[in-house]
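Notes for the one structure printed next.
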Amino acid sequence: TDGTQPERVLSRKKRQVNREATEYIVEIHILIDHHVWKTFKSIFGSDEEALTELHFYYSHIVIGMDTVFRNIGSPSISVSVRERQKSRSRDGFHRGGIGKDGFLVVAGLAFPSGACRKWKVSLVDDTGLDSWNTAAHELAHSLGASHDNREPGCEIHQKFLMSPHGSVYDLSNVANSYRFSPCTVRQIRTYLESSEAACLRSLQGTGVSQLTGSVRQGARLSLDQVCRLRYPSSPGKLFVHENFIKDPALLCINVYCHREAWGSSAPFRYGLRAPVGTPCGSQKSCNWNGQCTYDSKVPAIDMSCFFGDINSFDKCSIVYRTITKIPSAVIRNRYCNQMKPACCKTLASICS
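So the number in our numbering is just where the residue sits in the sequence shown, counting from 1, plus 9.
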């Protein structure tokens, strides 16, 4: 940190009860490095705000991991917080390439079936609010799971969570990105029932502190902030793809951002999905299956102006002043019809 706040090591416990009522506990420490702290300071300002947002941010990641393991069904697995510790170490971790020679495509590393071995660690590239996906993927490796391959029902193209590479999703496969394939479930079950998982049958930690258990980051943060968390050095602006204007529900599948000021736009690496709770329609939000479903907490929204002004405030202000000076009602209405799609919020009071 900047000398006033220590790096944080947050401990998680993953509990699993199988058919014989055996309890397996995986104790997980999440290390938040100095660069992440500086990023949150730059985005949210004060130490207090940065700490608050870090709290919600990593709560979201843990809840994402928990959701994936709960979706297994049997054996029933959940992820929860049991302990929080502080570390003043300033090891040289950084938010960059973690592969060999800094290879940027690598999103995470873990030792297969390593949960009870000396090297019971994994390394996850912090890529924003979608990092829960990689964290759950690497934890599954530690619990005996390998990548999906060509086995029926577990093919790579189905894009389950243990696919060997990230992807951009569509309506046909986005739900799979929140689930393990049948092959992964069998591999985890086999590992947990083996002697290799013996250390998971006893609780080592004694802490009881909790992170927020029901945070919905999509309801707390704007999509501009979601973009900034993925690209900290970017302007942090959502790119409103024309497909989203027609159907905001597509935000639950892929999000696009401006990565440079007034520059190019591209989908988040590996296909970021809007975080759970993100409004995607009138009284609708994105859920943990990548679907846009009814949500009573989301207000009724004018769908013709769902994203607000597409153009900048300055441009829309100029358009507003121009229209108010047009004496002819016919010409004024014609100009309104032409400009309202890009400045719907600013022009709402003068363009019916």
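Glycine is no exception: its CB is placed at the ideal position from the N, C-alpha and C atoms.
Taking DSSP's pairing of strands, which residues face residue 293 in a bridge? 290 and 303
I need the DSSP call for residue 164, collapsed to helix, strand or coil. strand
Thinking C-alpha only, which one of 188, 179 and 296 is nearest residue 157? 188
Indicate whether the contact test is met: 3 or more Cβ pairs, each with one atom in the segment 342-359 and one in the segment 306-323, closer than 8 angstroms. yes
Best match in 80, 242 and 260 for proximity to residue 249 [C-alpha to C-alpha]: 260
Just to confirm, is the Cβ distance from residue 151 to residue 184 under 8 angstroms? no
For the beta strand (DSSP E) that residue 250 lies in, which residues bound it at each end? Residue 250 -> no beta strand (DSSP E), and no H or E assigned at all.
Quick check on DSSP: helix, strand or coil for residue 119? strand
DSSP-derived helix/strand/coil call for residue 38: strand
Which residues in the same chain have their Cβ closer than 8 angstroms to the Cβ of residue 80, if we skip the five residues on either side of it in sequence? Result list for residue 80: 187, 188 and 189, in chain order.
Burial state of residue 262 (16 or more Cβ within 10 Å): buried
Contact between the segment 224-232 and the segment 280-288: three or more CB pairs below 8 angstroms? As far as the Cβ criterion goes, the segment 224-232 touches the segment 280-288, which means the pair count is three or higher.
Relative to the C-alpha of residue 314, which candidate in 334, 348 and 342 has its C-alpha closest? 348
8 angstroms contact criterion, which residue 147 and residue 192 should meet: CB distance rounded: Wrong, their Cβ atoms sit about 17 angstroms apart, outside the cutoff.
Cβ neighbours of residue 296 in the same chain (closer than 7 angstroms, five flanking residues each side left out): So the list reads 285 and 302, once near-sequence residues are dropped.
Confirm, please, whether the CB-CB distance from residue 39 to residue 67 is below 8 angstroms. yes
Excluding the five sequence neighbours on either side, which residues of its own chain have a C-beta within less than 7 angstroms of the C-beta of residue 196, listed in chain order? 153, 154 and 155
Where does the unbroken beta strand (DSSP E) through residue 131 begin, and where does it stop? 131-133
Taking the DSSP output, what are the residues bridged to residue 246? 267
Residue 158 in three-state terms, based on DSSP: Strand at residue 158.
According to the neighbour-count rule (16 or more other Cβ atoms, all chains shown, within 10 Å of its Cβ), is residue 74 buried or exposed? buried
Quick one: any contact between the segment 235-247 and the segment 126-140, if contact means 3 or more CB pairs under 8 angstroms? Result yes; three or more Cβ-Cβ pairs closer than 8 angstroms.
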